[in-house]
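Below: the structure, in structure tokens.
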Amino acid sequence: MRSTKITPFGLLSGLTAVVIFILWQQEVFTSNKLSVYGESKTNDHGLVSDTFTRVIETNSHLGYSKLVYSNKDGETAKNDSVLITSSIANENSFGKGRTFNDFYDVIGTLKYPKDLINLSVYCGSSDLLAIVTTFFEDITKNATCPYNKVTVLYAPFLQTNFKSSDHNPKVQRQRRRSIARGRNFVVLNSLDTEQFTLFLDADVYRFDHPDMLSRFVSSQKDIIVPRIERGESLDYDRNSWRGHRKSPSPDQLRLMDEDKWEEANFVPEDIEAEMFHLGGHAAEIKDLPESDVKQGLSYAVPLDSVGGAVLFAKSIIYKQGVLFPTMNVVGTAWSRSEGFDGIETEGLCYMAKSLGYHCFAMPNLVAQHIVK
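Using our numbering, read the sequence shown as starting at 48 and increasing by one per residue.
Below, the structure written as structure tokens:
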């Protein structure tokens, strides 16, 4: 694993990054001169090193900013190029004892040509922004960054107080809505001409199969997820599934139409006899011979819904407007504010299907999620 130890020269880079961060904050987020015509959009171009350039794009009239490091000799428009992206809430999102450096190192373990990879990060707090900016300022100034382009985004209006571990049904809609906004924002503001996009959650700490990305690309499938393990759980990301879920009763639908969501008290739940999760596959193959096709690392199964811990897709899908719904899209009607199922990643396949795209899992490929 590549070392990310900050060198004395890196301290100078860090100071530069702090200055950039302070100016960035003042320019974008403390200015009262907001303009609907875009006069408050500015661009600062500069050289970081003989290899990398830096562009700071401020959009105070829109309330967000963008920092882009680019390798002067790099190319984005390549076959099999990949944008690896992450929407990260704050500096604590990586798990106990872990930092952004650790997350960056996890990305580096993927066995895929680094010159075909671009990175993008949405920072959900000013503290995280300072950390990430300092990190990339250092490795681009030292020309040790192996990636062609790095995009760092900051948008204070997206910040929330939801905890990633909070799965209380009463807050799930609001929490998932917030996550969807972050995912949409980072992909819409960083995806360029990369052929594929890989979303990674900050609390993924290991790929059991480092050739995972290569297998996704080679499969030519539209949308793919691996199986996620967390401690003793062989199937942590339960948003990856195929089958049927319960629908609201007529009384619950009426309450939804009246915008009485808490009173409706509906939570999408599996119809057990009609539901497939990736843990079921893990149990099924346990006693199969290694020669069985279902044991193959590239073995794929169709899904109706995907999770987002590790999520691969053809970029052209996003470019056509298939994104992460910020509301439940299943069960929508003009009479109610939203439907009753299919928010965030669980609505992605629902939308993609209408354009002829399909979702899959490669359940024998495994990524490890931290145990908090």
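Beta carbons are placed, not taken as given, at the ideal position from N, Cα and C, and that holds for glycine. All figures in this text were calculated on a predicted structure; none of them were measured in a lab.
Leaving out five residues before and five after residue i in sequence, what residues of the same chain have Cβ atoms less than 6 angstroms from its Cβ?
i      : result
Leu176 : Cys170, Tyr201
Gly93  : Arg101
Ala408 : Val272, Ser287, Leu325, Val348, Leu350
Pro391 : It is worth fixing the name first, because residue 391 is Glu in this sequence and not Pro. Correct list, in chain order: Arg223, Ile226, Ala227, Phe371.
Asn231 : Leu370, Phe371
Ile377 : Ile is not the amino acid found at residue 377; the sequence shown has Val there. For Val377, where only same-chain residues beyond five positions count, the Cβ hits under 6 angstroms are Gly386, Asp388, Gly389.
Asn430 : The shown model of the chain, from 48 to 419, leaves out residue 430, and the question about it has no answer.
Gly278 : Val418
Asn375 : Glu385, Gly386, Phe387, Asp388, Gly389, Ile390
Gly368 : none
Asn79  : Note that Asn79 scores 34 on pLDDT, short of 50, meaning its location in the model is unreliable; the coordinates nonetheless yield the value given after this. Taken in chain order, the list of residues that qualify is empty.
Asp255 : Val413
Asp91  : Ile103
Comparing alpha-carbon positions, which option in the options lies nearest residue i?
i      : options                        : result
Ala124 : Leu238, Ser133, Ile135         : Leu238
Thr373 : Gln221, Ser173, Ile363         : Gln221
Asn236 : Gly278, Glu104, Tyr159         : Glu104
Val264 : Ser140, Val95, Leu157          : Leu157
Gly155 : Gln219, Thr198, Leu260, Ser96  : Leu260
Tyr27  : Pro295, Gln267, Leu302, Cys192 : The requested residue 27 is not part of the displayed model; the chain covers only 48 to 419.
Val418 : Lys361, Leu281, Trp308, Val353 : Leu281
Ala320 : Arg292, Glu331, Lys333         : Arg292
Asn126 : Gly368, Cys406, Ile363         : Ile363
Ile270 : Ser96, Asp91, Gly403           : Gly403
Ala136 : Thr187, Leu205, Glu331, Cys406 : Leu205
Ile318 : Ala329, Gln299, Ser294, Lys333 : Ser294
Lys361 : Asp91, Leu302, His405, Arg253  : His405
Ser13  : Lys143, Ser140, Lys188         : Residue 13 is absent from the structure shown; the chain starts at 48 and stops at 419.
Glu316 : Glu393, Thr379, Phe141, Gly144 : Glu393
Met303 : Thr198, Tyr159, Thr379         : Thr379
Thr423 : Gln342, Trp308, Gly229         : Nothing can be reported for residue 423, as the shown portion of the chain is limited to 48 through 419.
Arg262 : Gly144, Gly142, Tyr159         : Tyr159
Helix, strand or coil for residue i? Go by DSSP, reduced to three states.
i      : result
Asn165 : strand
Gly57  : With a pLDDT of 45 at Gly57, under the threshold of 50, the modelled position of this residue cannot be trusted, and the question is left open.
Asp255 : coil
Glu276 : strand
Arg101 : strand
Arg222 : helix
Pro336 : coil
Pro349 : strand
Trp308 : helix
Pro297 : helix
Tyr159 : coil
Tyr194 : coil
Glu319 : strand
Thr392 : helix
Asp185 : helix
Asn231 : helix
Asp152 : helix
Ser107 : coil
Leu205 : helix
Met374 : coil
Lys341 : helix
Leu260 : helix
Ala380 : coil
Ile363 : helix
Asp115 : The sequence given here has Val at residue 115, not Asp. Val115 falls in the strand class under three-state DSSP.
Ile417 : coil
Ala136 : coil
Leu176 : helix
Gly327 : helix
Phe141 : coil
Looking only at its chain, what residues have a beta carbon closer than 7 angstroms to the beta carbon of residue i, apart from the 5 residues adjacent to it on each side?
i      : result
Ala356 : Asp248, Val251, Ile275, Asp284, Ala414, His416
Tyr194 : Lys161, Ile164, Asn165, Leu166
Thr98  : Asn118, Lys119, Ala190
Phe323 : Trp288, Arg289, Gly290
Ser401 : none
Tyr365 : Val234, Leu238, Thr244
Val353 : Ile270, Val272, Asn286, Ser287, Thr392, Leu395, Cys396, Cys406
Leu300 : none
Which same chain residues, not among the five before or five after residue i, have their C-beta less than 8 angstroms away from its C-beta?
i      : result
Arg196 : Position check: residue 196 holds Lys in this sequence, whereas Arg was assumed. Closer than 8 angstroms at the Cβ level, and outside the excluded window around Lys196, lie Val115, Tyr116, Ser117, Asn118, Gly121, Thr123, Asn165, Leu166, Asp239.
Glu138 : Thr146, Phe147, Ser172, Asp174, Leu175, Ile178
Arg253 : Val153, Thr156, Ala414, Gln415
Ala329 : Arg274, Leu281, Asp282, Pro410
Between residue i and residue j, which are expected to be in contact by the criterion C-beta below 8 angstroms, what is the C-beta distance as a whole number of angstroms?
i      : j      : result
Pro203 : Gly110 : 7 angstroms
Val233 : Ser134 : 5 angstroms
Return yes when the C-beta of residue i is under 7 angstroms from any heavy atom of the ligand FMN, and no when it is not.
i      : result
Val233 : With respect to the ligand FMN, the structure shown offers nothing to examine, as it has no ligands at all.
Original post:
Pairing CB atoms from the segment 242–250 with CB atoms from the segment 379–390, are three or more of them under 8 angstroms?
Top reply: no
Original post:
Are at least three pairs of beta-carbons, each pair with one atom in the segment 129–137 and one in the segment 159–173, less than 8 angstroms apart?
Top reply: yes
Original post:
Counting pairs of Cβ atoms below 8 angstroms between the segment 341–360 and the segment 307–315, do you hit three or more?
Top reply: no
Original post:
Do three or more CB pairs link the segment 108–121 to the segment 144–161 at distances below 8 angstroms?
Top reply: no
Original post:
Any chance the segment 329–344 sits against the segment 388–402, with 3 or more Cβ pairs inside 8 angstroms?
Top reply: no
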